[in-house]
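Read the structure below first, then the notes.
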Amino acid sequence: MKQLLAFAIALAVIGSTAAQNKSAVTENFNAKKVEGRANLKSKSPVITPLPCIMIATYDENDVPDVMMAAWGGQCGRNRITFQLSSHKTTDNIRLNRAFTVSFATANDVEQSDYFGIVSGRNVPDKVARAGFTATPSPNVKAPIINEYPLTLECVVVEMEDDENGGARVVGEVVNWSADTSVMTDGKIDLAKLRPIIFDSASNSYRVVGDVVGKAWGSGRKFIEE
Numbered sequence: 014m015k016q017l018l019a020f021a022i023a024l025a026v027i028g029s030t031a032a033q034n035k036s037a038v039t040e041n042f043n044a045k046k047v048e049g050r051a052n053l054k055s056k057s058p059v060i061t062p063l064p065c066i067m068i069a070t071y072d073e074n075d076v077p078d079v080m081m082a083a084w085g086g087q088c089g090r091n092r093i094t095f096q097l098s099s100h101k102t103t104d105n106i107r108l109n110r111a112f113t114v115s116f117a118t119a120n121d122v123e124q125s126d127y128f129g130i131v132s133g134r135n136v137p138d139k140v141a142r143a144g145f146t147a148t149p150s151p152n153v154k155a156p157i158i159n160e161y162p163l164t165l166e167c168v169v170v171e172m173e174d175d176e177n178g179g180a181r182v183v184g185e186v187v188n189w190s191a192d193t194s195v196m197t198d199g200k201i202d203l204a205k206l207r208p209i210i211f212d213s214a215s216n217s218y219r220v221v222g223d224v225v226g227k228a229w230g231s232g233r234k235f236i237e238e
């Protein structure tokens with residue numbers, strides 16, 4: 014599981030609900046210039062990687078919904094976390110205490126972006142409109158979106174609501190499944206999956222790139238020297 018979610022490490026804007034109210038800290042903060050750099054203060058910080066997490070849930074009528082979230086990542090060996098504002102997805106998670114998570118890929122950019130643009134409150138059949146289909150998870154009260162090749166099935170272990178209808182959610186992965194087309198030697202192959210990340214500097218999506226080093230290996234030269 015550590016390898017599975019390595020690219021979704023929680024460098025995103027996650028943590029407590031206080032993160033959403035940063036103005037209370039920064040509005041009167043007089044940032045000093047950092048010598049030799051362009052000072053951008055505290056507005057819209059670029060934090061990367063921001064994984065394109067596709068959260069799927071059921072409503073009270075078992076209608077599937079999917080939304081894209083970028084403020085999230087792995088927060089434990091088999092736990093994932095994200096921060097949501099007030100969404101249909103937030104309501105559904107409160108209702109069922111469960112969700113599935115998939116990852117947008119280069120092959121489904123248009124559909125995934127659509128799921129982030131349109132609210133399930135206004136377009137309850139948006140999954141079907143995108144040409145996607147859903148199958149009930151056998152493990153949690155949430156749908157598996159068949160067109161996403163990798164899916165984590167999660168139960169809520171912590172949900173901290175904020176005063177604006179949003180919440181910080183921590184889910185525990187009870188099972189995950191993948192299409193064999195994105196696997197090599199029994200492991201998820203990111204080169205085959207081609208997950209995308211959100212580039213907040215240019216409001217665009219980028220494919221996770223080439224291998225540039227070996228984890229727990231590339232830095233050993235400093236130990237050996």
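The opening residue of the sequence shown carries number 14 in our numbering; numbering runs sequentially from there.
Here a beta-carbon is modelled for each residue, glycine too, at the ideal position from N, C-alpha and C.
When rounded, the separation of the alpha-carbon atoms in ASN216 and ASN105 is 27 angstroms. Within the same chain, and ignoring the five residues on either side of PRO137 in sequence, the residues whose Cβ sits closer than 6 angstroms to its Cβ are VAL76. Inter-residue distance for THR70 and ASN41 is about 40 angstroms (C-alpha atoms, whole angstroms).
In the structure shown, TYR218 adopts extended strand secondary structure according to DSSP, grouped into three states. A distance of 8 angstroms or more separates the beta carbons of ALA44 and PHE112.
When secondary structure is reduced to three states using DSSP, ASN159 falls in the coil class, being assigned neither helix nor strand. In the DSSP assignment, ALA143 falls outside any beta strand (DSSP E), carrying neither H nor E. If you check the CB distance, SER194 and PRO162 come in under 8 angstroms. Note that the C-beta distance between ASN120 and ARG207 is below 8 angstroms.
According to the DSSP assignment, ILE130 belongs to the alpha helix (DSSP H) that extends over 122-130. Beta-bridge pairing by DSSP links THR70 to ASP78. Its chain contains VAL183 as the residues whose beta carbon lies nearer than 6 angstroms to that of GLU171, once the 5 sequence neighbours on both sides are disregarded; these appear in chain order. Sequence-distant partners of PHE211 (beyond 5 residues in either direction) whose C-beta falls short of 7 angstroms from its own C-beta, in its chain, are LEU63, CYS65, ALA83 and TYR218. In the displayed model, ASN188 falls within a strand according to three-state DSSP. If you draw a straight line from the Cα of ILE60 to the Cα of LEU53, it is about 13 angstroms long. For ASP104, the enclosing alpha helix (DSSP H) stretches over residues 101-109.
Judged by DSSP secondary structure, LEU206 falls within the alpha helix (DSSP H) whose first and last residues are 203-206. Around GLU185, the same chain offers ASN91, ARG92, CYS167, VAL168 and VAL170 as residues with beta carbons nearer than 7 angstroms, after the five sequence neighbours per side are excluded. The criterion of a C-beta distance shorter than 8 angstroms is not satisfied by MET196 and PHE128. Between GLY133 and LYS101, the C-beta gap is smaller than 8 angstroms, which places the two residues in contact. Using a Cβ distance threshold of 8 angstroms, ASP78 and VAL122 do not count as a contacting pair.
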